[in-house]
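Q:
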Amino acid sequence: MTDLEGAMTDTVADEIVTAAAGRLASGGPPRARRVVLKLSGEVFGGGEIGVDPDVVQDLARQIGHVVQLGTQIAVVVGGGNFFRGVELEKRGMDRSRADYMGMIATVMNCLALQDFLEKSGIDTRVQTAITMAQVAEPYIPRKAIRHLEKGRVVIFGAGAGMPYFSTDTVAVQRALEIHADSVLMSKNGVDGVYTADPRIDPTAVKLASITFDEMLREGLGVADAAAFSLCKDNRLPMLVFGAEGEDTIIKAVSGEKIGTLITA
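Numbering (the UniProt record's numbering), first residue to last: 1 to 264.
Shown next, in the form of C-alpha cells:
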C-alpha cells in the first residue's frame, strides 16, 4: 500500500470515529464498536439456487450504512444457496468432501458481496480459511482487526477450513478472535427465538431475550449447540433476527428492538 493510500484509509477511520463520537455527544443511541454478522447462504439466493443480485445489493447497502454509522463490521457467509454438506451427505456423498464443497460455495457468496460493497464505495477485504491467493487473503485475525480499524468491511469465507463445523459456530469463533462485542445472526425464515417451532406449533411465542443455558436446556435450535456453548463460556452476546424485512441489519446494529437477544 502506498503512503497516499494509507493516509486516505486513516482519514476514513478518523472520520468514522468522529461521527460516532458526535452522535453520542448529541444523545444518540450507543452502538456496538465491532460486530460479526452471520448471513445465511439462502438469503443470497433469495430462496433459489445461485445469487440474486438485487438481494446482495441490498445487503451491501445495509452493511455500508452500518460502516458509515461508525460500527466496525465483519461478515461470515454461508453457502446454502449452492451446497449444504449435510444434505449432500444424505444423498450418499462423503461428508468431508461435501463440506469442502460447501466451503467453496461460501467464497462465491463472499466475492459477490465484496463486489457490491466496493461498487458502493466501501473498502472490503475477503479472508478465507482455505488458501485462495488469487481471490482472497488468508484468514489472519490480527490483519482482520487492522482492516476493521481502518474502516474496511472484512468478509470471512470457507468456514473454519475444516469439515463438520457449521458457519454459525465459525461466526462465534471469528467474533472471539477479533474481539467483537456481539454476534448478529441473520436467519432466513425465522425472526427470532420461539418457545417452539412456529411453523409447526401455532401457539409458539417469540422471546425477547433468553440465556444460553436455557437455549441448550430446551433444545431451541436456531443455531448449533457448539455456537451457543462458545458464546456462553466467553460471555459473548448473540442477537438472532430475521433476514426478511426492511433494514433489519441496520436495526440490529443500531440497537432497535428486533429479534431475540441471547446472553450468558
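Ideal placement from N, C-alpha and C gives every residue a C-beta, glycine not left out. All of these numbers come straight from a predicted model, not from anything done at the bench.
With DSSP as the reference, label residue 274 as helix, strand or coil.
A: Outside the shown range of the chain, which is 1 to 264, sits residue 274, and nothing can be said about it.
Q: Pick from Gly-50, Asp-58, Gly-45, Leu-69: whose alpha carbon is nearest that of Val-35?
A: Leu-69
Q: Compute the distance between the beta-carbons of Thr-124 and Gly-159, then report whether it is under 8 Å.
A: No. Outside cutoff.
Q: Express the C-alpha separation of Val-126 and Met-101 in angstroms, rounding to a whole number.
A: 18 Å
Q: Using the C-alpha atoms, what's the distance from Ser-209 back to residue 350?
A: Nothing about residue 350 can be read from this structure; the chain reaches only from 1 to 264.
Q: According to DSSP, is Gly-192 helix, strand or coil?
A: In the three-state scheme derived from DSSP, where H, G and I count as helix and E and B as strand, Gly-192 is classed as coil.
Q: Starting from Val-240, follow its DSSP beta bridges and name the residues at the other end.
A: Met-185, Thr-260
Q: So Leu-39 is in the beta strand (DSSP E); what residue range does that whole segment cover?
A: 34-39
Q: Below 6 Å CB to CB, which residues in the same chain sit around Ile-16 once its five sequence neighbours on both sides are set aside?
A: Since pLDDT at Ile-16 reaches only 38, below the 50 mark, its modelled position is unreliable, and the value read off the structure follows with that caveat. Within the same chain, Ile-16 has close Cβ partners Gly-70, Gly-151.
Q: Helix, strand or coil for Arg-84, going by three-state DSSP, please let me know.
A: coil
Q: Where does His-147 land, buried or exposed, given buried means 16+ other C-beta within 10 angstroms?
A: buried
Q: Closest to Leu-37 by CA distance: which of Gly-259, Ala-252, Thr-195, Ser-120 is it?
A: Ala-252
Q: If you draw a straight line from the alpha carbon of Thr-263 to that of Met-238, how long is it in whole angstroms?
A: 7 Å
Q: Is it true that the stretch 51-67 meets the stretch 211-221, where meeting means three or more beta-carbon pairs spaced less than 8 Å apart?
A: no
Q: DSSP state of Gln-72, grouped into three classes?
A: strand
Q: Here's the rule I'm using: 16 or more other beta-carbon atoms within 10 Å means buried, otherwise exposed. How should Leu-4 be labelled?
A: Caution applies to Leu-4, whose pLDDT of 38 falls short of 50 and renders its modelled position unreliable; the value that the coordinates give is listed next. With fewer than 16 other Cβ atoms within 10 Å, it is exposed.
Q: How many angstroms separate the CA atom of Leu-113 from the CA atom of Gly-79?
A: 13 Å
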